[in-house]
Amino acid sequence: MDIAVNTSQSKYHVNKKGYYGDFGGAYIPEMLYPNVEELKEQYMQIISDPAFQQEFEQLLKDYVGRPSPLYFAKRLSEKYKAKIYLKREDLNHTGAHKVNNTIGQILLAKRLGKKRIIAETGAGQHGVATATVCALMGLECVVYMGSVDIQRQAPNVARMRMLGATVVPATSGSKTLKDATNEAIRDWINNPVDTHYIIGSVVGPHPYPDMVARFQSVISEEIRQQLVEKTGKPDPDYVIACVGGGSNAAGAFFHFTDAEKVKLVAVEAAGQGVNSGFSAATSQLGRPGIIHASKTLLMQTDDGQIVEPHSISAGLDYPGVGPMHANLYTTGRALFLNATDDESLAAGYELSLLEGIIPALESAHALAKLKDLSLKPEDVVVVCLSGRGDKDLETYIKHLK
1 MDIAVNTSQS
11 KYHVNKKGYY
21 GDFGGAYIPE
31 MLYPNVEELK
41 EQYMQIISDP
51 AFQQEFEQLL
61 KDYVGRPSPL
71 YFAKRLSEKY
81 KAKIYLKRED
91 LNHTGAHKVN
101 NTIGQILLAK
111 RLGKKRIIAE
121 TGAGQHGVAT
131 ATVCALMGLE
141 CVVYMGSVDI
151 QRQAPNVARM
161 RMLGATVVPA
171 TSGSKTLKDA
181 TNEAIRDWIN
191 NPVDTHYIIG
201 SVVGPHPYPD
211 MVARFQSVIS
221 EEIRQQLVEK
231 TGKPDPDYVI
241 ACVGGGSNAA
251 GAFFHFTDAE
261 KVKLVAVEAA
271 GQGVNSGFSA
281 ATSQLGRPGI
291 IHASKTLLMQ
301 TDDGQIVEPH
311 SISAGLDYPG
321 VGPMHANLYT
331 TGRALFLNAT
341 DDESLAAGYE
351 LSLLEGIIPA
361 LESAHALAKL
371 KDLSLKPEDV
381 VVVCLSGRGD
391 KDLETYIKHL
401 K
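Numbers 1 to 401, taken from the UniProt record's numbering, label the letters of the sequence shown in order.
Encoded structure:
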């Protein structure tokens, strides 16, 4: 596994200045400059070290349970008349793709001499994954979570606390992911020396978007290897993934971005409708702006105030998108679609009934767009099933008919 692969020749990966085309960078307060510079100067050197890679790969194998299966969904394929495979990130330890990144970042933090870990979380999966690796490594863990999300993701909050994390509610703004991220950044400013901030998505100042994408790139690396076994060729016709900040999509797309024949499909949360005022479809509604120390596409008013997002899925409830995805959208390399709350619920029920797999509501957004693609019987389609639906059962149950 080469997480330190050279991507400098790609127009879809980060350049030496920390930008994906027009998006990225590090728009940070002076107090954070030493932390971010330390990461920027050392992350590639650390993750390039064979000893780091060996430890990372061993933990992914023996602790996380990788490689995650690439499952041919026979009944789903019959319905949509294509060859549909599910990349089963839901089968990872902790139940989602998030642990790929937290394993990498905790190993990085230890090599940087950090003793305390902070994180933000929306759906709770990143919080659980962070609490998990902190327990594994014996480090203090503080997770910031919007008070609204604490209510709707109670099982994950209980898991974090059981794993020894302190869960701190964010009570400002919409009291969701954006606000939890704000609180985590404030903590980092106040504790710059001993604390590492494990950002959960491909957002934030450079080098975070690139670093998180590299740790998640194990997803697309495995997909290519597994497709050779199953189809005889490494490249599918489509890769589909949900996008909030976009870490599972970044991982699923990573090794395919320069393979122009592979159609990349990113699915955002339309909430109650793109133009309803209750949406998180950033590519459709956003304009260039700065959020959480990165220039990207951002839902904002004419005077630059952030428009509060909405999604039934806590993990997609974010007013921006990672700079990698902003670039994929504006260059036309990826097709950006969106699914409403109702569409994602229906897709979640459908997968449950057809394949016996209950997906996270985030993943259900990706599945919801199978019906809108012009698929042919010979098309090989890979959907990144980013997480399992246990955490969303209460929401599913409310809407069962």
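Each residue gets a CB set at the ideal place from its N, CA and C atoms; glycine is no exception.
query = Does the segment 344-364 come close enough to the segment 203-219 to have 3 or more Cβ pairs within less than 8 Å?
reply = No contact exists between the segment 344-364 and the segment 203-219.
ask   = When the Cα atoms are used, what is the spatial distance from residue 12 to residue 324?
value = When rounded, the distance between both Cα atoms is 7 Å.
task = Taking only the alpha-carbon atoms, compute the straight-line gap between residue 307 and residue 136 and give it to the nearest angstrom.
result = C-alpha of residue 307 to C-alpha of residue 136: approximately 38 Å in a straight line.
inquiry  = For residue 297, list the residues DSSP reports as bridge partners.
reply    = 288, per the DSSP bridge assignment.
ask   = For residue 202, which option in 56, 327, 117 has the closest C-alpha, if you only look at C-alpha atoms?
value = Ranked by Cα distance from residue 202, the first of 56, 327, 117 is 327.
Where the alpha helix (DSSP H) through residue 231 begins and ends = Here the alpha helix (DSSP H) through residue 231 covers 218-231.
query = Going by the beta-carbon positions, is the gap between residue 105 and residue 189 smaller than 8 Å?
reply = Contact flag unset, no.
message = Within the continuous beta strand (DSSP E) that includes residue 195, where are the two ends?
response = 195-198 is the span of the beta strand (DSSP E), which, as asked, contains residue 195.
ask   = Candidates 176, 97, 398: which alpha carbon is nearest residue 247's?
value = Taking residue 247 as reference, the option from 176, 97, 398 with the minimal CA-CA separation is 97.
ask   = Closest to residue 154 by CA distance: which of 270, 128, 140 is it?
value = The residue with the shortest Cα to Cα distance from residue 154 is 128.
ask   = Nearest to residue 389 by alpha carbon, out of 91, 285, 59?
value = Per the C-alpha coordinates, the member of 91, 285, 59 positioned closest to residue 389 is 91.
ask   = For residue 133, which three-state DSSP category applies?
value = The answer is helix: DSSP assigns residue 133 an H, G or I state.
key: Local Cβ density within 10 Å of residue 113, reported as buried at 16 or more and exposed below that   = Exposed, by the Cβ-count rule.
ask   = Out of 85, 62, 243, 30, which has the shortest C-alpha to C-alpha gap to residue 405?
value = The first residue shown for the chain is 1 and the last is 401, placing residue 405 beyond what the model contains.
task = Can you tell me the Cβ-Cβ gap for residue 119 and residue 200, rounded? I've got them flagged as a contact below 8 Å.
result = At roughly 6 Å, the Cβ-Cβ gap stays under 8 Å, so residue 119 and residue 200 are in contact.
key: Beta-carbon gap between residue 353 and residue 88 smaller than 8 Å   = Result no, Cβ atoms of residue 353 and residue 88 do not sit closer than 8 Å.
ask   = With respect to the alpha helix (DSSP H) encompassing residue 396, which residues constitute its N-terminal and C-terminal limits?
value = Unbroken alpha helix (DSSP H) run through residue 396: 393-399.
request  = To the nearest angstrom, report how far apart residue 185 and residue 288 are at their CA atoms.
outcome  = Going by the C-alpha atoms only, they are around 21 Å apart.
task = Jot down the residue ranges of each uninterrupted beta strand (DSSP E) in the segment 308-380, minimum 3 residues, whole runs only, in chain order.
result = The qualifying runs are 334-340.
ask   = Would you call the segment 11-25 and the segment 295-314 in contact, with 3 or more CB pairs under 8 Å?
value = At 8 Å Cβ cutoff, the stretches touch.
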